[in-house]
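To start, the structure under review is shown below, and the notes come after it.
6 protein chains.
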Amino acid sequence: MNNNGGEIMDISARNQLNGKITSVELGAVMANIKIEITEPNVITAVITKESAEKLGLTEGDDVCAIIKSTEVIIGK
Amino acid sequence: MNNNGGEIMDISARNQLNGKITSVELGAVMANIKIEITEPNVITAVITKESAEKLGLTEGDDVCAIIKSTEVIIGK
Amino acid sequence: MNNNGGEIMDISARNQLNGKITSVELGAVMANIKIEITEPNVITAVITKESAEKLGLTEGDDVCAIIKSTEVIIGK
Amino acid sequence: MNNNGGEIMDISARNQLNGKITSVELGAVMANIKIEITEPNVITAVITKESAEKLGLTEGDDVCAIIKSTEVIIGK
Amino acid sequence: MNNNGGEIMDISARNQLNGKITSVELGAVMANIKIEITEPNVITAVITKESAEKLGLTEGDDVCAIIKSTEVIIGK
Amino acid sequence: MNNNGGEIMDISARNQLNGKITSVELGAVMANIKIEITEPNVITAVITKESAEKLGLTEGDDVCAIIKSTEVIIGK
Chain A
500 MNNNGGEIMD ISARNQLNGK ITSVELGAVM ANIKIEITEP NVITAVITKE
550 SAEKLGLTEG DDVCAIIKST EVIIGK
Chain B
500 MNNNGGEIMD ISARNQLNGK ITSVELGAVM ANIKIEITEP NVITAVITKE
550 SAEKLGLTEG DDVCAIIKST EVIIGK
Chain C
500 MNNNGGEIMD ISARNQLNGK ITSVELGAVM ANIKIEITEP NVITAVITKE
550 SAEKLGLTEG DDVCAIIKST EVIIGK
Chain D
500 MNNNGGEIMD ISARNQLNGK ITSVELGAVM ANIKIEITEP NVITAVITKE
550 SAEKLGLTEG DDVCAIIKST EVIIGK
Chain E
500 MNNNGGEIMD ISARNQLNGK ITSVELGAVM ANIKIEITEP NVITAVITKE
550 SAEKLGLTEG DDVCAIIKST EVIIGK
Chain F
500 MNNNGGEIMD ISARNQLNGK ITSVELGAVM ANIKIEITEP NVITAVITKE
550 SAEKLGLTEG DDVCAIIKST EVIIGK
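Protein chains in written order, with this note's numbering: chain A, 500 to 575; chain B, 500 to 575; chain C, 500 to 575; chain D, 500 to 575; chain E, 500 to 575; chain F, 500 to 575.
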């Protein structure tokens, strides 16, 4: 976690999983980011290339995968 | 995983985290479900009460938390 | 529907519309997939290129468009 | 379609399925609306109770289920 | 607002912010659109390139940024 | 903004609109929160009751409405 312009705030999104970036793939508009949260769980996040660049995301970065609870589907 | 009407299919959602339900809270329309994926990570899912009942979700169930990659925000 | 690694599971997403893929367009990170569900209804899905490739999506495939009910907006 | 305050506009959401409301169930904050788009396809939409009331949604209404293409998951 | 094929309809999405497009960036599948709603607030929307072209989005257009209330996260 | 357990982090969500809460309505599972961002723009956010309580959201609070750019639809 860094503090480049970051603000101290709590957010309502219930799911905040800490992990490390294992890959960053940039397209023209979007970027595909892989985050290893716990072996063997990997989270794939697709964000704007703009965000990936503003946050300076690179392999090895410690990041947090944030997911609002209404976005989760349950399979059983 | 059970097979009550389930179909054999792969789905495009990249994030499929296996875990166990630790709590089910029903409202009039929605339900709040807690899924422990790996100590100490807990996923909160808000789904319809209708779905929670159709899937028969109860504490201790082995389930899968499914999240499309476009829904993930990254914090750093 | 195939069973390449698929699991037998029910999912909480209420909307599961069967149809046939009529076009697959790949970008660098994302893919735009058209699914004809019933004449003249066509569903457009944007998923990762990675998912499109892992599922081997091609024209003519029988697929299911899955949509969580919280994602639907109503116009009247 | 009515014109109570409605505006003439096109929207970017690719998926706009016409149908008829078959049930409206109100909770304290949310509402669960069933829309039959084509036999036997029914779309479930969860919207705020506030919206359901402002649009005056009732059984038999002709409505449109609007879904952004990034919200669609594909199962195969 | 134009009326090229637009319909007179109210939509359930609670958040409809009027603004002006300040930039359009096209990728292969997706497009990144900036909308200035009120100084200094700018909304970034990522939609399909297909939608950007069908709506003919260009700098200076008066548009409306539409956001379903379940998609909003609160930071405090 | 407070710092009760908050972390110093930047997040990838492009849309972060500052405003003040004007109403909080709690249901059994969900909560409907109104945030005035700039006169006359009001953002409606539906979050879990659990989050509303953990953040201690009340009228008059300065908060930030966070929206991922893929969730924005454009009307023209």
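Note that CB positions come from ideal geometry on N, CA and C, so glycine has one too.
Source: prediction; values computed, not measured.
Excluding the 5 residues flanking it on each side, Gly518(C) has same chain C-beta neighbours closer than 7 Å at Ile534, Glu535, Ile536, Ile542, Val562, Ala564, in chain order. Under a 10 Å Cβ-count criterion, Ser568(D) is classified as buried, with 16 or more other Cβ atoms of the shown protein chains found around its own Cβ.
Closest option to Glu558(F), judged by alpha-carbon separation, among Ile532(F), Ala527(F), Pro539(F): Ile532(F).
Between Ala564(F) and chain D, the shortest Cβ-Cβ separation is not below 9 Å. Here the C-alpha atom of Val545(D) lies approximately 13 Å from the C-alpha atom of Val528(F).
Using a Cβ-Cβ distance cut-off of 8 Å, the stretch 546 to 554 of chain D and the stretch 506 to 514 of chain E are in contact, since at least three pairs of beta carbons, one from each stretch, lie closer than that value.
In this structure, the CA atom of Thr521(B) is about 32 Å from the CA atom of Ser522(A). In this structure, the alpha-carbon of Lys575(C) lies about 8 Å from that of Ile507(E). Pairing Glu570(B) with Glu549(A) gives a Cβ-Cβ distance that is not under 9 Å. Val545(C) reaches chain E at Val528, Met529, Thr547, counting residues in chain order whose Cβ is nearer than 8 Å. Looking at the DSSP output, Leu516(F) bridges to Ala564(F). Taking C-alpha positions only, Asp509(A) is separated from Ile566(E) by approximately 22 Å. Ala551(A): member of the alpha helix (DSSP H) spanning 548 to 553, first to last residue. Of the residues Glu538(F), Ile573(F), Thr547(F), the one whose Cα lies closest to the Cα of Glu524(F) is Thr547(F).
In this structure, the CA atom of Pro539(F) is about 19 Å from the CA atom of Ile573(E). The beta carbon of Gly526(D) lies closer than 8 Å to those of Lys548 in the same chain, with the five residues before and after it left out. Residue contact check for Lys519(C) against chain B: no CB pair falls below 9 Å. Beta-bridge analysis with DSSP links Ile507(E) to Ile507(D). Judged by DSSP secondary structure, Thr569(B) falls outside any beta strand (DSSP E); it is assigned neither H nor E.
Where Thr537(A) is concerned, the enclosing beta strand (DSSP E) starts and stops at 529 to 537. In the DSSP assignment, Leu525(F) forms a beta bridge with Ala530(F). At a cut-off of 9 Å, the C-beta of Asp560(A) has no neighbouring C-beta in chain F.
Excluding its 5 nearest sequence neighbours in each direction, Asp560(E) has C-beta neighbours in its own chain below 8 Å: Lys519, Ile520, listed in chain order.
A direct Cα-to-Cα measurement between Ala530(A) and Ala530(E) gives close to 13 Å. Thr543(D) carries a strand assignment under DSSP once its states are collapsed to helix, strand and coil.
Contact of Leu554(A) with chain C is not assigned, every C-beta pair being separated by 9 Å or more.
Using a Cβ-Cβ cut-off of 7 Å, Ile572(A) is close to Ile510, Ser511, Ala512, Lys567 of chain C, given in chain order.
Against chain E, the CB of Ile507(D) has a partner CB under 9 Å away; the residue lies at that interface.
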